[in-house]
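Only one structure is covered here, and it is reproduced in the block below.
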Amino acid sequence: MRLFDLHCDTIVPLCDRKEGFYCRDTQFSLADLDKFQCLCQTMAVFVPDTCPKGGGRAYADHYLDYLEELGVLQGNIAGLAESAADIEALTQKGKCALIRSIENGRALDGDLENVSHFAGRGVKIMTLVWNGENELGSGNCTDRGLTSFGRQVIRKMEEVHMIMDASHLNDPGFDDLCCAADGPFIATHSNLRSVCPHNRNLKDWQFQEIARRGGLVGVNLYRHFLGEDGSGGLDQVYRQVSHMLELGGEDVIACGSDFDGAEIAPVLNSPFKFGSAADYLLSHGIPRAAIDKMYFDNALAFLRRTEA
């Protein structure tokens with residue numbers, strides 16, 4: 162079993178509770194690590210929209226510090242990765258490779274130099290906005306696009322090889338990102354609006370634009386983003402994956418669970434259960450090659466392509 166997950170929010174509750182990676186009270190846990198051939202987990206520091214102005218950097222640093230502490234204290238089962246080579250080296254040793262990311266550009270405190278600060282700390286991915294507004298732009302609960310500062314951040318992120326995450330952007334913001342970004346970007350935890358009509362999900366053309374640029378889209382397990390009835394079962398994961406493939410997304414589709422940041426159906430609410438869903442997809446006609454790409458290969462290949 163292999164899984165490369167582009168997004169979870171687990172480091173915040175682990176830090177708040179002073180727990181480690183074996184914690185069974187969180188959706189993401191390494192209690193089942195021995196069942197995986199390869200496991201890579203992106204650990205996002207979620208910065209709330211309500212974070213006081215000027216306090217975003219310190220807030221994010223606090224949780225990044227804890228992630229790094231766990232990487233040392235539990236170095237026998239996990240390690241921090243900053244490259245595709247790091248991921249391969251860690252997973253070959255049977256360890257979980259951990260990637261640092263930030264969810265919400267509020268962490269920058271409106272200071273462009275903080276992009277370099279977080280890049281220097283090994284942060285590989287940053288979600289530009291969350292649901293509301295920040296100095297960069299607006300999330301899916303608002304209707305403003307990117308600000309001039311947001312456009313500067315995009316250019317700076319490309320300069321320091323930090324990956325832009327379009328998840329949570331509203332439609333005007335997505336349009337602005339397409340205009341401002343020269344290279345590829347990703348949507349770490351986003352589904353298709355044509356399958357589940359929620360404005361947090363991507364329109365088909367947005368998915369195809371990410372594909373055209375050579376990016377990634379991670380399937381989000383939040384039950385209300387998978388299907389209209391909110392059941393969030395395996396059948397709804399299949400419908401999302403199937404339509405992504407119909408849109409030409411075999412080299413784009415990835416995993417973006419949103420563990421510990423979303424309500425996820427019991428059949429999917431752990432890395433082992435998400436990994437096991439591959440059997441369901443295979444039994445319902447999704448080709449093995451496409452499943453292998455979705456679960457690991459596409460994300461690893463993207464990192465190789467975009468590394469400095």
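Numbering-wise, our numbering comes out as the position in the sequence shown, counting from 1, plus 161. Note that the Cβ used here is the ideal one computed from N, Cα and C, for glycine as well.
Ranking Gln198, Ser418, Ala219, Leu259 by CA distance to the CA of Gly266 puts Ala219 first.
Boundaries of the alpha helix (DSSP H) around Gly436: 432-444. Taking one beta carbon from each stretch, the segment 420-435 and the segment 367-387 have 3 or more pairs nearer than 8 angstroms; the two touch. With respect to Glu296, Thr308 sits close: the two C-beta atoms are nearer than 8 angstroms. Under the DSSP assignment, Gly240 falls in the beta strand (DSSP E) whose first and last residues are 239-241. Contact check for Asp421 against Cys212 fails: the beta carbons are separated by 8 angstroms or more. Bounds of the beta strand (DSSP E) holding Gly379 are 378-380. Closest in C-alpha terms to Leu225, from the list Phe368, Tyr183, Lys196, Gly281, comes Gly281. A distance below 6 angstroms between beta-carbons, with the five flanking residues on each side excluded, links Ile248 to the following residues of its chain, in chain order: Cys201, Ala242, Ala258.
In the three-state scheme derived from DSSP, where H, G and I count as helix and E and B as strand, His329 is classed as coil. Under the 8 angstroms Cβ criterion, the segment 166-185 counts as touching the segment 230-239, having at least three qualifying pairs.
Residues of the same chain with a CB within less than 7 angstroms of the CB of Pro448, apart from the 5 flanking positions on each side, do not exist. In this structure Gly215 is exposed. Its beta-carbon is surrounded by fewer than 16 other beta-carbon atoms within 10 angstroms. Around the C-beta of Glu468, fewer than 16 other C-beta atoms lie within 10 Å, and the residue is accordingly described as exposed. Asn362 and Asp326 have their C-alpha atoms roughly 13 angstroms apart. Following the DSSP letters along the chain, one finds Leu408 in no alpha helix (DSSP H), marked with neither H nor E. For Arg316, no beta strand (DSSP E) encloses it; the enclosing alpha helix (DSSP H) starts and ends at 309-320.
Nearest C-alpha to His350 among Ala415, Asp343, Arg374, Gln367: Ala415.
With respect to the C-alpha of Gly393, the residue from Phe207, Ala438, Gln367, Asn331 having the closest C-alpha is Ala438. Counting only the Cα atoms, Arg466 lies some 24 angstroms from His329. Our two residues, Val314 and Leu273, have alpha carbons roughly 6 angstroms apart in a direct line. Annotated as distal: Ala268 and Gly344, with beta-carbon spacing of 8 angstroms or more.
Counting only unbroken stretches of 4 or more residues, the alpha helix (DSSP H) elements lying wholly within the segment 356-392 are 365-373, 384-387, in sequence order.
Unbroken alpha helix (DSSP H) runs of no fewer than 4 residues, entirely contained in the segment 261-287, are found at 274-281, following chain order. In summary, Lys256 is buried, with 16 or more beta-carbon neighbours lying within 10 Å of its beta-carbon over all protein chains present. With contacts defined as CB atoms closer than 8 angstroms, Trp291 and Glu264 qualify as a contacting pair. For Thr467, the uninterrupted alpha helix (DSSP H) segment begins and ends at 459-467. In the displayed model, His350 falls within coil according to three-state DSSP, outside both helix and strand. About 13 angstroms separates the Cβ atoms of Phe346 and Gly379, ruling out a contact at the 8 angstroms cut-off. Cβ neighbours of Arg354 within its own chain (closer than 8 angstroms, five residues either side excluded): Asn360, Asn362, Leu363, Lys364, Asp365.
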